[in-house]
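Numbering (mature numbering (1 follows the signal peptide of the UniProt record, and there is no 0)), first residue to last: -25 to -1, 1 to 405.
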């Protein structure tokens, strides 16, 4: 999950402007350049509080002070703020206002992303009708950018959103009973998606089955297992298919084990090519009991660092897999897992961490990152160049970073197998 700062996020999106736009921005005179900085700095104030109507007032005042026509080279910040305002209205169940802001998106390559962000919030609030319309519009907006040129950052950004929009739209059509439409967009998502999850495979398998394509449906379920993405629902569906085909459960476990073995072998082959060797930054941090833990004291051990925060959804969703990994090595004195709590904003974050661990019965060795007095930024996360969380680093006994991992897509089995493969490689002395 990207760090929760409007300015940082907007800056990241602005980096995607074309070479021509960048050149335009670079030729601005000093006064205009200063105005651009003032405009960007004023964005965070718009989003203070929870009342979307107050945010709208501040947005209109901001746009009056910094008219878009005065910034022909860098217009995307306006769309970013519009999307934020629209999401706020959706969250407040002001659905028509949310759609109003979705339809104000101007920048072609970012229009789909802006609309989809509002649509996803509408889905959370139960408005599937409006959400479906916006997702379809997001699809149509990103369609022209598919198959982008290698140096076209705008088209590449727009294209990355397309498979996700297609998957969401297909799921909505499936739930609405429009199976042919659902199948059409699942095929589109399958064609362009590089990051699939359990929900993708389950929806695809279900709609294929309903369209009479039972063999293709089974293959989707098997693929989910081979990719380490199978959840309880997928395993239930796969077992039902097996039992129906084989007139009973006999042989099912061996069949399932074979699929999982294929997953492990694929992950091990990939991981073996990803090994690196970089110096690991030294650190000393306090744990839950106030004891100082130093990386230097762990020399000779394989150390897994997991940077996380209590507000980070993907971090939290990865923890069942991380607990499984911790369990596998809890009796191995040569492997140590450290969970570094970082980028927290709450004053009582240490209390929140303890409560969270107790509630979920996680047996993690947690360390608390400290802040740099001059920059107010986390020291250790900064030393490891952590810009998004969760972020994991696997360090060998010589203090070298050998593997890096970021994010979590929900593949619990794959996540465990990946860490095991990395640890095994280092344990073998590579």
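C-beta: ideal position from N, C-alpha, C; glycine also.
As the structure is a computational prediction, the values presented were derived from the model and not from experiment.
Can you give the Cα-Cα distance for residue 71 and residue 106, rounded to whole angstroms? Between residue 71 and residue 106, the C-alpha separation is close to 11 angstroms.
Hey, could you find the ends of the beta strand (DSSP E) residue 377 is sitting in? It spans 375 to 381 - the beta strand (DSSP E) in which residue 377 sits, taken as one unbroken run.
In the DSSP output, what is residue 262 paired with across the bridge? Answer is 342, bridged to residue 262.
Can you list, in chain order, the residues of its chain whose CB lies under 8 angstroms from that of residue 251, leaving out five sequence neighbours each side? Closer than 8 angstroms at the Cβ level, and outside the excluded window around residue 251, lie 376, 377, 378, 379.
What span of residues does the beta strand (DSSP E) with residue 281 cover, start to end? Per DSSP, residue 281 belongs to the beta strand (DSSP E) from 277 to 283.
Since residue 279 contacts residue 225 with CB under 8 angstroms, what's their CB separation in whole angstroms? Cβ-Cβ separation between residue 279 and residue 225: approximately 40 angstroms, too far for a contact (criterion under 8 angstroms).
Return the Cβ separation of residue 401 and residue 371 in integer angstroms, given the expectation that the two are a contact with Cβ distance under 8 angstroms. With 8 angstroms as the limit, residue 401 and residue 371 qualify as a contact, their Cβ atoms being about 5 angstroms apart.
Return the chain-ordered ranges of every alpha helix (DSSP H) run that is complete within the segment 71 to 115 and spans a minimum of 4 residues. If you keep only unbroken alpha helix (DSSP H) runs of at least 4 residues inside the segment 71 to 115, you get 83 to 99.
Have a look at the DSSP bridge pairing and note the partners of residue 368. Residue 368 has 280, 379 as its beta-bridge partners, per DSSP.
Beta-carbon within less than 8 angstroms of residue 272's beta-carbon, same chain only, minus the 5 sequence neighbours each way: which residues are those? Cβ within range, chain order: n/a, list empty.
Roughly how many angstroms separate the alpha carbons of residue 47 and residue 143, rounded to a whole number? Answer to the nearest angstrom: the Cα atoms are 34 angstroms apart.
Exposure label - residue 218; buried when at least 16 CB within 10 Å: Per the 10 Å Cβ criterion, exposed.
Answer yes or no: do residue 183 and residue 192 have a C-beta to C-beta separation smaller than 8 angstroms? Result yes, Cβ atoms of residue 183 and residue 192 sit closer than 8 angstroms.
Can at least three beta-carbon pairs, one atom from the segment 294 to 306 and one from the segment 251 to 266, be found at a separation below 8 angstroms? Too few Cβ pairs lie closer than 8 angstroms, so no.
For residue 270, does the three-state DSSP call read helix, strand or coil? Assignment of residue 270 by DSSP, reduced to helix, strand and coil, places it in the helix class.
Can you check whether the CB of residue 89 is closer than 8 angstroms to the CB of residue 77? Between residue 77 and residue 89, the C-beta spacing is below 8 angstroms.
When 276, 382, 211, 365 are compared against residue 435, the one with the closest alpha-carbon: The structure shown does not extend to residue 435, since the chain is modelled only from -25 to 405, so the question has no answer here.
What residue does the beta strand (DSSP E) around residue 316 start on, and which one ends it? Residue 316: member of the beta strand (DSSP E) spanning 310 to 316, first to last residue.
Neighbourhood of residue -22 by C-beta distance below 6 angstroms, restricted to the same chain and skipping five residues each side: For residue -22, the pLDDT reaches just 43, beneath the cut-off of 50, and the residue's location in the model is therefore unreliable, although a value from the coordinates is still provided. Cβ neighbours of residue -22 beyond the five flanking positions: none.
Assuming the contact rule is C-beta atoms closer than 8 angstroms, residue 113 and residue 140 should be a hit. Round their C-beta distance to whole Å, please. Yes, residue 113 and residue 140 are in contact; Cβ-Cβ is about 5 angstroms, under 8 angstroms.
As assigned by DSSP and simplified to three states, the class of residue 402: Note: residue 402 maps to helix in three-state DSSP.
Could you check whether the Cβ of residue 140 sits closer than 8 angstroms to any Cβ belonging to chain D? The structure shown contains no chain D; it holds only a single protein chain.
Please confirm whether residue 41 and residue 62 have their CB atoms less than 8 angstroms apart. The answer is no: Cβ separation not under 8 angstroms.
Quick one, which of 244, 268, 34, 331 has its alpha-carbon nearest residue 397's? Of the residues 244, 268, 34, 331, the one whose Cα lies closest to the Cα of residue 397 is 244.
Looking at the unbroken alpha helix (DSSP H) that takes in residue 40, where does it start and where does it end? Where residue 40 is concerned, the enclosing alpha helix (DSSP H) stretches over 27 to 40.
Excluding five sequence neighbours on each side, which residues of the same chain lie with their C-beta closer than 6 angstroms to the C-beta of residue 201? Closer than 6 angstroms at the Cβ level, and outside the excluded window around residue 201, lie 234, 237, 238.
Measure from the alpha carbon of residue 145 to the alpha carbon of each residue in 97, 21, 110, 255, then state which is nearest. Minimum Cα distance to residue 145 is reached at 110.
Taking all protein chains shown into account, do 16 or more other C-beta atoms lie within 10 angstroms of the C-beta of residue 317, making it buried, or fewer, making it exposed? With 16 or more Cβ atoms within 10 Å of its Cβ, residue 317 is classed as buried.
Express the C-alpha separation of residue 170 and residue 216 in angstroms, rounding to a whole number. Residue 216 and residue 170 have their C-alpha atoms spaced approximately 25 angstroms apart.
Check whether residue 123 and residue 167 have beta carbons under 8 angstroms apart: The answer is no: Cβ separation not under 8 angstroms.
Using the beta-carbon count (16 or more within 10 Å), is residue 181 buried or exposed? With 16 or more Cβ atoms within 10 Å of its Cβ, residue 181 is classed as buried.
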